[in-house]
Amino acid sequence: MNKTVNQKAWFLVLPVLVLVAFSAVIPLMTVVNYSVQDTFGQNEFFWSGLIWFEDMLASERMWDALGRQLMFSGIILAIQVPLGIFVALNMPKSGVWSSVCLVLMSLPLLIPWNVVGTIWQIFGRVDIGLLGYTLDAIGINYNYTQDTLDAWVTLIVMDVWHWTSLVALLAFAGLKSIPDAYYQAAKIDQASRWKVFRYIELPKMTGVLTIAILLRFMDSFKIYTEPFVVTGGGPGNATTLLSIDLVKMALGQFDLGPAAAFSIMYFLVILLVSWVFYTVMTNLDKQEG
Amino acid sequence: MAKITLDNLAHSYLPNPASEADFALKELNHDWEDGAAYALLGSSGCGKSTLLNIISGLLQPSQGRILFDGRDVTHAPTTERNIAQVFQFPVVYDTMTVRDNLAFPLRNRGRDEGYVAQRVQDIARMIGMEDVLRRKARGLTADAKQKISLGRGMVREDVNALLFDEPLTVIDPHMKWELRTQLKTLHRDFGHTMIYVTHDQTEALTFADKVVVMYDGRVVQIGTPEELFERPAHTFVGYFIGSPGMNVIPAQVQGDRAVVNGSDIPLGRAYRPPEGKVEIGVRPEYARLSQTEGLPVQVRRVEDVGRHKIIRAEFFGHDINIIAGEDDRVSADMNRVTFDADHVNVYANDWRVQGEAA
């Protein structure tokens, strides 16, 4: 059979191409453009090759920020995923209370990032914040603007408050999709609560949990607004995460070349980690099948 | 193994059932004999699964008691009742191997590994899955999964009863027959009390010693397949069992005669005039088409189904079916029907009326 040739079909794809070009390809290429050039002002640029990339790879500052970033993402995942599952398991499965829980849990998700930052920034202040003042009053020496540990704890608690609901909601959706017969069969088989979780609930949640972990990883790895509002990266550089550092470099110091190289590597790390994680999870699935 | 007694049992899914219509399962008294194979037969939504779940303890009845060998277990949890149950749709533990799936109920009860391995091997042979024991259960076909579910149900030897809730729905016809045969063998060899829920009459009649027919939340008849065929206690039983089902025709009954549209039909027994809605029921097997005898009938269609012919006809405005043998002659001038008097049953308000010797 002869293939029908009809070049007009390109017109149907065109709008998508244009959209993607403007939303992703062109901005990204601008960054690529900056990353391989240098300037001494007057809007004059000249080719500098991969020197910015080499600079950045040798920069202790970037490795430190990456280390802090990985630690941050690691900690919040280690807290939010188990906590989210725990919350989902203990939510009412149906009825009015189920809806009430869902609404209450969605609330933090609806608050804009900088508002969340402001809420916690004030909440934690020793002079006027409820949390900071109370802790101080009961004799705990807490001050997130001066103490590294306090700053980290504040950021982590804030992120857990903001995003655990997302994991919980996804896990809840996964749990709701398990037919009653599974629980009934487990009762007949005399399975313990732990075994019901391990062999029925957890396997049925793998799909949604993969998505949850992926979303939380990407989002936490890109986090900017909340730590910027709360600690501004301090004390010192203690909470200077990757994007805070990037903004300092690009807008504070106006080092466009290094910042562009930084951005590209930042982007590639997120892409790589997400891709590896996703591939491993889906392959595990297939192998078992 | 135990005798299971249902005492005034009833169940409603509503918190405050007001009338009888609110009950999914209407009041019921029955003994399930120890070691018998029962089939629970009825159309969808008639309360079969409700009854099963009450016996296994997955559901608490709204009223009445359940006794196992005289011990009240109405509020005992499933684990205490030591019951095996297989559900309509396959339930397997996806991340476990087939072997671990089969071993699961035994391991949860702390049986030693040697015994577990032996038992799993036996069951795997029975369901024909010895060569996939090492595989993960995920990704198996629906009927393989259901065989695992069946296997898990049968793996414990000491159960009080084995309950099957339409377990063969998803299995293909050839395998269905084979598994059913194996269930029968299992029953013969070990003598477990078995209750098998189905809406397929062939399945029920071939599997069970006793068939319990349910209709609209009520048990309408309990009997051997033969009793259900010859003397359906309720018009639903007549209609539901048999293919095609029993012909039910409104009539007046006087003594040993039934009158339909002014014409007499002889009955095998004599009846006092029954109250309420009176009907006679005749199985198509006991109706015969004739040239000269009997009452007028209008033949509309003849279906040859191989072993016999089914004649669809109109009898005083009612649809009736007549079964004629493979070699019986059916011709256009045969427009009368006779009924075998001994096999005409009389029903008042859908329930069979006992006659006296004529």
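Which chain is which? The protein sequence lines are A and B, in order. At position 238 of the first sequence (counting the first as 1) the number is 242 in our numbering, and the numbers step up by one without a gap. At position 110 of the second sequence (counting the first as 1) the number is 96 in our numbering, and the numbers step up by one without a gap. Even for Gly, the Cβ is constructed at its ideal location relative to N, Cα and C. It should be emphasised that the depicted structure is a prediction, and the values quoted were computed from it without experimental measurement.
| Using the rule of at least 16 other Cβ atoms within 10 Å of the residue's Cβ for burial, across every protein chain shown, is A/Phe258 buried or exposed? | Burial is judged here by how many other beta carbons sit within 10 angstroms of a residue's own beta carbon; A/Phe258 has fewer than 16 and is exposed.
| task | Check whether the Cβ of A/Lys208 lies closer than 9 Å to any Cβ atom in chain B. | result | Interface flag for A/Lys208 against chain B is set, since a Cβ pair is found closer than 9 Å.
| message | On a Cα-Cα basis, can you pick out the residue from A/Leu32, A/Leu173, A/Trp165 and A/Thr149 that is closest to A/Thr244? | response | Looking at the Cα atoms, A/Thr149 is the closest of the given residues.
| said: Beta-carbon within less than 7 Å of A/Leu218's beta-carbon, same chain only, minus the 5 sequence neighbours each way: which residues are those? | reply: Contacts found: Ser278, Phe281 and Tyr282.
| task | Would you list, in chain order, the members of the segment 62 to 75 of chain B that have their beta-carbon closer than 8 Å to a beta-carbon of chain A? | result | Along the segment 62 to 75 of chain B, the positions whose C-beta sits under 8 Å from a C-beta of chain A are Pro63, Thr64, Thr65, Ile69, Ala70, Gln71, Phe73, Gln74 and Phe75, read in chain order.
| chain A contact residues for B/Asp80, given Cβ-Cβ distances below 7 Å | Residues of chain A passing the Cβ test: Pro207.
| Partner residues on chain B for A/Ile204, Cβ-Cβ distance less than 8 Å | Within chain B, the residues whose beta carbon sits less than 8 Å from that of A/Ile204 are Tyr79, listed in sequence order.
| query | Which residue comes first and which comes last in the alpha helix (DSSP H) that contains B/Ala103? | reply | It spans Glu99 to Ile113 - the alpha helix (DSSP H) in which B/Ala103 sits, taken as one unbroken run.
| task | Could you say if the segment 279 to 287 of chain B and the segment 212 to 223 of chain B meet the contact criterion of at least three C-beta pairs nearer than 8 Å? | result | No, because fewer than three Cβ pairs between the segment 279 to 287 of chain B and the segment 212 to 223 of chain B fall closer than 8 Å, the two stretches do not touch.
| query | DSSP beta-bridge partners for B/Met200? | reply | Partner(s): B/Val205.
| request: Could you spell out where the alpha helix (DSSP H) holding B/Asp129 opens and where it closes? | output: Per DSSP, B/Asp129 belongs to the alpha helix (DSSP H) from Ala128 to Met140.
| task | Mind checking the segment 257 to 278 of chain A against chain B and listing, in chain order, the residues whose C-beta falls within less than 8 Å of any C-beta there? | result | Flagged: no residues at all.
| When the cut-off is 9 Å and only beta carbons count, does B/Asn39 lie next to chain A? | So yes, B/Asn39 belongs to the interface.
| Three-state secondary structure (DSSP) of A/Gln150 | Here A/Gln150 sits in coil by DSSP.
| message | List, in chain order, every chain A residue whose beta-carbon is nearer than 7 Å to that of B/Ser42. | response | When 7 Å is used as the limit between beta carbons, B/Ser42 is near these residues of chain A: Ile192, in chain order.
| message | Using 8 Å for Cβ pairs, my map puts A/Pro239 next to A/Thr152. What's the rounded Cβ distance? | response | The pair is a contact, with the Cβ atoms about 6 Å apart (cut-off 8 Å).
| request: Whole angstroms is fine: what's the gap from A/Val284's alpha carbon to A/Leu32's? | output: Our two residues, A/Val284 and A/Leu32, have alpha carbons roughly 28 Å apart in a direct line.
| How would you call B/Leu45, buried or exposed, if buried means at least 16 neighbouring beta carbons within 10 angstroms? | Around the C-beta of B/Leu45, 16 or more other C-beta atoms lie within 10 Å, and the residue is accordingly described as buried.
| task | May I ask you to list, following chain order, the residues of the segment 163 to 189 of chain A that have a beta carbon less than 8 Å from some beta carbon of chain B? | result | Here the close residues are Pro183, Ala185, Tyr186, Gln188 and Ala189.
| query | Closer than 9 Å, Cβ to any Cβ of chain A: which residues of the segment 0 to 20 of chain B, in chain order? | reply | Within the segment 0 to 20 of chain B, no residue qualifies.
| Can you round the beta-carbon distance between B/Ala4 and B/Gly33 to whole angstroms, since I take them to be within the 8 Å contact cut? | Not really, about 18 Å apart at Cβ, beyond 8 Å.
| query | Listed from N- to C-terminal order along the chain, which residues in the segment 42 to 61 of chain B have their beta-carbon within a distance smaller than 7 Å of any beta-carbon of chain A? | reply | Result list: Ser42 and Leu44.
| query | Residues bridged to B/Ala273 by DSSP? | reply | B/Phe325, per the DSSP bridge assignment.
| query | Which stretch, first to last residue, makes up the alpha helix (DSSP H) that contains A/Phe201? | reply | Where A/Phe201 is concerned, there is no enclosing alpha helix (DSSP H), because DSSP gives it neither an H nor an E.
| field | Beta-carbon gap between B/Val367 and B/Leu53 smaller than 9 Å | value | What the structure shows of chain B is the stretch from -13 to 344, and residue 367 of chain B is not part of that stretch, so it cannot be assessed.
| query | CB-CB under 7 Å to B/Val183, same chain, minus the five flanking residues each way: which ones, in chain order? | reply | Around B/Val183: Leu26, Lys34, Ser35, Leu38, Phe150, Asp151 and Glu152.
| Coil, strand or helix - B/Gly50 by DSSP | Residue state, collapsed to three classes: strand.
| task | Just the C-alpha distance for B/Phe301 and B/Gln284, rounded to the nearest angstrom, thanks. | result | So the two alpha carbons sit approximately 7 Å from each other.
| field | Inter-residue Cα distance where the pair is A/Met66 and A/Ile89 | value | Roughly 34 Å separates the two Cα atoms.
| With distances taken from CA atoms, which of B/His(-3), B/Gln340 and B/Arg93 is nearest B/Asp328? | Nearest option by C-alpha distance: B/Gln340.
| Residue range of the unbroken beta strand (DSSP E) whose run includes A/Asp68 | Annotation: A/Asp68 is outside any beta strand (DSSP E); the continuous alpha helix (DSSP H) that includes it extends over Glu64 to Asn94.
| said: According to DSSP, is B/Arg338 part of a helix, a strand, or is it coil? | reply: DSSP places B/Arg338 in strand when its eight states are reduced to three.
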